[in-house]
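Colleague: Numbered per this note's numbering, the sequence shown spans residues 81 to 886. We put the CB at the ideal spot given by N, CA and C, even for glycine. Here it is, the structure in full.
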Amino acid sequence: MPRFRRLRLAGRVLAAAAGSAVLLAAAVLLYLSTAGFPSAIIRRVSRRLGEQGVHVRVRRARLSVLEGIVLKDLRLYDSPAAAAPVIEAHRMAVGLNALEWILRRHGVVGLRVRGARVQMRLAERGGSGRSAQLVLDRVNTAVQLHPGGLDIQGLYAETLGMQFQGAGTIRQRLPRTGEPVLSGAGFLENTPPWVFKLIEQIKELRFKRPPQLRVEFVVLLDDPAQSKVTVKAQGRLTQTPVGAFDTWSLEAALFNSRLSLKSLVLRQGPSRLRVTGAMSLKDRTTEFRLFSDLPLRHWMAIMPRAWRKRLSESDYVLQGKASLELWGGPAPLAELRRHLGGWLSLEQAECGGVWVEKAFLSARREEDVITLERLDGVVGRGAGRGPLKASGKYHLASGEYHGEFKGAFNPHLWKPLLQTNQTKVLDWFVFGETPPSGEVEFSGRVGDLQTLNLHGKITASAFTYRGVSVSEGDALMDLRGDVMRLNPLGIARKEGVAEGWLELDFNNHVASFQLDSTVDPHAVANMIGPASGRFLESYRFEGNAHVIASGRVSYADVVLVDVEAWIEGTRLGLGWALSDQASFRVRALDRRLEFTDIQANVYGGRLTGRMAFYPLNTPRRLQYDAVGQLRQLNMEKLIAGLTGEEAKFYQGMLSADFRVEGMVGEGRSRTAVGEGWITIEDGTLFQIPLMGELSQWLTRLYPGLGFATQTDFRTNYRIKDGAFHTEDAMLEGAMLSLKGKGDYFFDQRLDVVVQVQPMRDGIVAEAVRLATSPLTKLLEFKLAGTLREPKWRPLNLPKEMFLIFD
């Protein structure tokens, strides 16, 4: 009995102790769940976690019967010295295995996170200095840790404007005591370059609604190739820097050591881009296929950022309809770009300023050679529209390319591909309804237009060159860098043809040529350059002309001139003078232009001589000198050509020699100086209007004297101070002779003293001399006025005698 009582007493004591323990435990749990853990305990636990590689700071921690330890305002750092936390969580619940924790093992069996913010600063692999910050907001998840891995459920996060959801398992043994856990420093400090490019591309997108991305996974960290991951994503109304997509979707998977892109689809209206592909993780063998019928302007949205930037800076325009299929592999990933193929179809498209009505091309790449297998299309619009066929090869290693094209299209389409000085020359051509055609071989090196070579035959019709219309033209073209040679070259106009060769040095603005032409010399001069065109403006070519010329000229100015030419033709002239037939040689060298061996049939007579102009590059100081001979010119034809009026009263044959020099330009006639002589034979000089008033005066003095026939004229003259001056002008006839001296000014004014004398020889002359001897002193006259309105007045006639003649 006593033993039984002792047992009962012991039981009561144990029960009391157990009750007290329970009460105490309940009190502790109640305290810990309401008031939370003391700060000292929190600091001690933080130190323990730090020893295991987990660096945390917690404002408050309390105990939850259902969730474990609930942490408020938790901050998790990647290292003790980190300035900013990797994770900030308003609330995190940590499930613990108390026994494991007491034994200084992990003891963590689960985590539940709500409203966390994760900040990761990524540093590029290799220490390049490139970095970026990636922030995940509103992170919610539940993690269950167990030996060999962890399970993640209900994962939700927002970043880069997208919403991520996911669930899965990560399998790997848990670290032993002392090994770090939950540290992402390795990945953050060695981020692959493609991650930065992907982030930059995504940041340029604008989503009207956040896209949804879901990931399900079983990741085997000890053997990643055997992991299984599926990714599905979709979005709507996504704005890129160059256009908007209505919808897009992504589906990818990792299974059995094979990474598969099952589908990536971008849609814009009825158009789409679809990509599929796969890569083996064992040997990295990769293949892909891409199809797109998106408008060209949307292509820039999917281009690498560097490509897009380069095109944007060069104002390269892409727009229009297009279909594309591109494929690559199977090949090792590092060599995938060496094994590509595809085709492209364009319709009503603009590519870098080149309008493409329609076109189809196919190409492939093997190793470092891209082969354009076929290009067949129609380029240009309206009158400039024409077919184009081409093929060629491009060597990536050297940047060299070569090929050939055939077509009929306006070459202005290719101006965006040419150098500035080449486009200026191309602007000299204006093509009509029929575009030029050609078969041309090409070669060069990308990025260096100096290496561009073109060789082939081109033909054109109904076009203009420097404002000169051309009916037809053809040439064998050879372009090498800055020099284009057309040899042979042939052009045709309605009045004739020109054949020869032409070479243009675009860098030095020099044209070299050799030409045999029956084309209007004005047209030829304007085609050579504006300077030569302006110089020939005052020259007349109203009949047929034959020109043989060669040399070099600067087509931008007259700094360089070295030309030789021979010209012959009919109805050639200068100013008012027009020949029936003429020939002469031309020599232009540097600043001097010479016309030599001038031979012309003009106004029934003959002109010979030479003339020169210099210096050509200073128009305000341009000078001339000329020497010539006129023989037996018909006076009636000469005066009619000079005045443009009927000249039947002008009879006789004129001959002359002249030498004159001066400066060219309006108002510079007074600079002319020279000398020469003039004779007229078998004329009827008293019948010309200039002599009419003198004839009347002579008739009044001696009836019948005014009707004397004056047939011959001769004089020497000097040119100076804007006038022709003579001291010995002599007009002779059967009965009278007129001797004069004075000036004829370039403004047509006359200032001449004329003395009328009877002839000294012959019976008639003797009779006239006897009859007029009392009047001899009176037969001196002043000739003034102009050629059209001459004024004759006697010099020695008394005023009283004027009344006799009124």
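Hey, how far is the Cα of V193 from the Cα of P291?
Modeller: As a position in the sequence shown, residue 193 is number 113, starting the count at 1. As a position in the sequence shown, residue 291 is number 211, starting the count at 1. Answer to the nearest angstrom: the Cα atoms are 23 Å apart.
Colleague: Taking 8 Å as the limit between beta carbons, can you name the residues of its chain near Q837, skipping five residues before and five after?
Modeller: Within the sequence shown, residue 837 is the residue found at index 757, counting from 1. Take Q837, set aside five residues on each side of it, and the residues of its chain with a beta-carbon closer than 8 Å to its own are L816, S817, L818, K819, T856, L859, in chain order.
Colleague: From G357 to E284, what does the alpha carbon distance come to, in whole angstroms?
Modeller: Taking the first residue of the sequence shown as 1, we reach residue 357 at position 277. Taking the first residue of the sequence shown as 1, we reach residue 284 at position 204. So the alpha carbons of these two residues sit roughly 25 Å apart.
Colleague: Would a C-beta distance cut-off of 8 Å place E716 and M733 closer than the cut-off?
Modeller: Numbered from 1 along the sequence shown, position 636 holds the residue referred to as residue 716. Numbered from 1 along the sequence shown, position 653 holds the residue referred to as residue 733. No.
Colleague: What residue does the alpha helix (DSSP H) around M607 start on, and which one ends it?
Modeller: In the sequence shown, counting from the first residue as 1, residue 607 sits at position 527. Looking at the DSSP string, the run of the alpha helix (DSSP H) that includes M607 is 601 to 608.
Colleague: Return the Cβ separation of F489 and G512 in integer angstroms, given the expectation that the two are a contact with Cβ distance under 8 Å.
Modeller: Residue mapping note: residue 489 aligns to position 409 of the sequence shown, counting from 1. Residue mapping note: residue 512 aligns to position 432 of the sequence shown, counting from 1. Incorrect: roughly 13 Å between the Cβ atoms, too far for contact.
Colleague: Within the same chain, show all residues whose beta-carbon is closer than 6 Å to that of V510, passing over the 5 residues directly before and after it, in chain order.
Modeller: The residue you call residue 510 lines up with position 430 of the sequence shown. Cβ within range, chain order: T544.
Colleague: Pick from G685, S551, V189, N567: whose alpha carbon is nearest that of K537?
Modeller: Numbered from 1 along the sequence shown, position 457 holds the residue referred to as residue 537. Here the closest residue by C-alpha is N567.
Colleague: Quick test of your reading: E521 and E480, contact by CB under 8 Å. State the CB separation rounded to the nearest angstrom.
Modeller: Along the sequence shown, read from residue 1 onward, the residue named residue 521 stands at position 441. Along the sequence shown, read from residue 1 onward, the residue named residue 480 stands at position 400. Their Cβ separation, rounded to whole angstroms, is 14 Å, which puts E521 and E480 out of contact at 8 Å.
Colleague: Per DSSP, what kind of secondary structure is T866 in: helix, strand or coil?
Modeller: Residue numbering aside, residue 866 sits at position 786 when the sequence shown is read from its first letter. Secondary structure at T866: strand, using DSSP grouped into helix, strand and coil.
Colleague: Alpha carbons only, please: which of V125, R614, Q132, G133 is nearest the one belonging to A141?
Modeller: Numbered from 1 along the sequence shown, position 61 holds the residue referred to as residue 141. For A141, the nearest C-alpha among the options comes from V125.
Colleague: Mind checking which residues open and close the alpha helix (DSSP H) that includes S723?
Modeller: As a first step, residue 723 must be located in the sequence shown, where it is residue number 643. The residue you asked about is not Ser; residue 723 is Thr in the sequence shown. Where T723 is concerned, the enclosing alpha helix (DSSP H) stretches over 715 to 723.
Colleague: Quick one: is I121 buried, meaning 16 or more other Cβ sit within 10 Å of its Cβ, or exposed?
Modeller: In the sequence shown, the residue the question calls residue 121 occupies position 41. Answer is exposed; the Cβ neighbour count stays below 16.
Colleague: Pick helix, strand or coil for T751, following the three-state DSSP scheme.
Modeller: As a first step, residue 751 is located in the sequence shown; it is residue number 671 there, counting from the start. Helix.
Colleague: Across which residues does DSSP place E617 in a beta bridge pair?
Modeller: The residue given as residue 617 occupies position 537 in the sequence shown. E617 pairs with nothing; no bridge assigned.
Colleague: Our contact map puts I768 next to Y730 with C-beta atoms below 8 Å; I'd like the distance itself, whole angstroms only.
Modeller: Walking along the sequence shown from the start, residue 768 turns up at place 688. Walking along the sequence shown from the start, residue 730 turns up at place 650. Indeed, because the Cβ distance is near 6 Å, the residues count as touching under 8 Å.
Colleague: What are the boundary residues of the beta strand (DSSP E) that includes E131?
Modeller: Working through the sequence shown from its first residue, we reach residue 131 at position 51. It is not in any beta strand (DSSP E) - E131 instead sits in the alpha helix (DSSP H) that spans 119 to 131.
Colleague: Would you report the Cα separation of H226 and R377, rounded to the nearest angstrom?
Modeller: Translated into positions along the sequence shown, residue 226 becomes position 146. Translated into positions along the sequence shown, residue 377 becomes position 297. Taking the straight line from one Cα to the other gives about 52 Å.
Colleague: Whole angstroms is fine: what's the gap from E869's alpha carbon to A809's?
Modeller: For the purposes of this step, residue 869 is taken as residue 789 along the sequence shown, with counting starting at 1. For the purposes of this step, residue 809 is taken as residue 729 along the sequence shown, with counting starting at 1. Each residue's alpha carbon lies about 20 Å from the other.
Colleague: Taking the C-alpha atoms as reference points, what is the distance between T310 and T365?
Modeller: As a position in the sequence shown, residue 310 is number 230, starting the count at 1. As a position in the sequence shown, residue 365 is number 285, starting the count at 1. Roughly 20 Å between the two C-alpha positions.
Colleague: In whole angstroms, give me the CA-to-CA distance for V599 and G802.
Modeller: For the purposes of this step, residue 599 is taken as residue 519 along the sequence shown, with counting starting at 1. For the purposes of this step, residue 802 is taken as residue 722 along the sequence shown, with counting starting at 1. If you draw a straight line from the Cα of V599 to the Cα of G802, it is about 38 Å long.
Colleague: Among R573, W407, S425, which has the Cα closest to the Cα of K438?
Modeller: In the sequence shown, residue 438 corresponds to position 358, counting from 1. The candidate whose alpha carbon is nearest that of K438 is S425.
Colleague: Just reading off the beta strand (DSSP E) that M810 is part of, what are its end residues?
Modeller: As a working note, residue 810 is residue 730 in the sequence shown. From DSSP, the beta strand (DSSP E) with M810 extends over 803 to 813.
Colleague: Looking only at its own chain, which residues have a Cβ that is under 6 Å from the Cβ of F371, when we skip the five neighbours before and after it?
Modeller: Position 291 of the sequence shown holds residue 371. These residues qualify, in order along the chain: R354, E405.
Colleague: Sort out for me which residues DSSP pairs T791 with in a bridge.
Modeller: Counted from its first residue, the sequence shown places residue 791 at position 711. Answer is none; T791 lacks a bridge partner.
Colleague: Using C-beta distances below 7 Å, list every residue in its chain close to D677, excluding the 5 sequence neighbours before and after it, in chain order.
Modeller: Numbered from 1 along the sequence shown, position 597 holds the residue referred to as residue 677. These residues qualify, in order along the chain: F664, R665.
Colleague: Between the Cα of T451 and those of A470, V436, L811, spot the shortest distance and give me the residue it belongs to.
Modeller: Within the sequence shown, residue 451 is the residue found at index 371, counting from 1. Ranking A470, V436, L811 by Cα distance to T451 puts A470 first.
Colleague: DSSP three-state label for S817, please.
Modeller: Along the sequence shown, one-based indexing puts residue 817 at 737. Strand.
Colleague: Count the other CB atoms within 10 Å of the CB of H135; is the residue buried (16 or more) or exposed (fewer)?
Modeller: Start at 1 with the first residue of the sequence shown, and residue 135 comes out as number 55. By the 10 Å Cβ count, H135 comes out buried.
Colleague: In whole angstroms, give me the CA-to-CA distance for F276 and P118.
Modeller: Locating residue 276 in the sequence shown gives position 196, counting from the first residue. Locating residue 118 in the sequence shown gives position 38, counting from the first residue. About 44 Å.
Colleague: According to DSSP, is V275 helix, strand or coil?
Modeller: Taking the sequence shown and counting its residues from 1, the one referred to as residue 275 is at position 195. In the structure shown, V275 sits in a helix (DSSP, three-state: H, G or I).
Colleague: According to DSSP, is P516 part of a helix, a strand, or is it coil?
Modeller: The residue labelled residue 516 in the question sits at position 436 within the sequence shown. Three-state DSSP puts P516 in coil, outside helix and strand.
Colleague: Name the residue from A657, H805, R671, E131 whose alpha carbon lies nearest to the alpha carbon of L710.
Modeller: Along the sequence shown, one-based indexing puts residue 710 at 630. Answer by Cα proximity: A657.
Colleague: Measuring straight from C-alpha to C-alpha, what distance separates E259 and L301?
Modeller: Position 179 of the sequence shown, counted from the start, is the residue given in the question as residue 259. Position 221 of the sequence shown, counted from the start, is the residue given in the question as residue 301. With a pLDDT of 47 at E259, under the threshold of 50, the modelled position of that residue is not reliable, and the figure given next carries that caveat. Going by the C-alpha atoms only, they are around 16 Å apart.
Colleague: Have a look at the DSSP bridge pairing and note the partners of A555.
Modeller: Position 475 of the sequence shown holds residue 555. Answer is I538, L569, bridged to A555.
Colleague: Taking only three categories from DSSP, how would you classify K473?
Modeller: Locating residue 473 in the sequence shown gives position 393, counting from the first residue. Note: K473 maps to strand in three-state DSSP.
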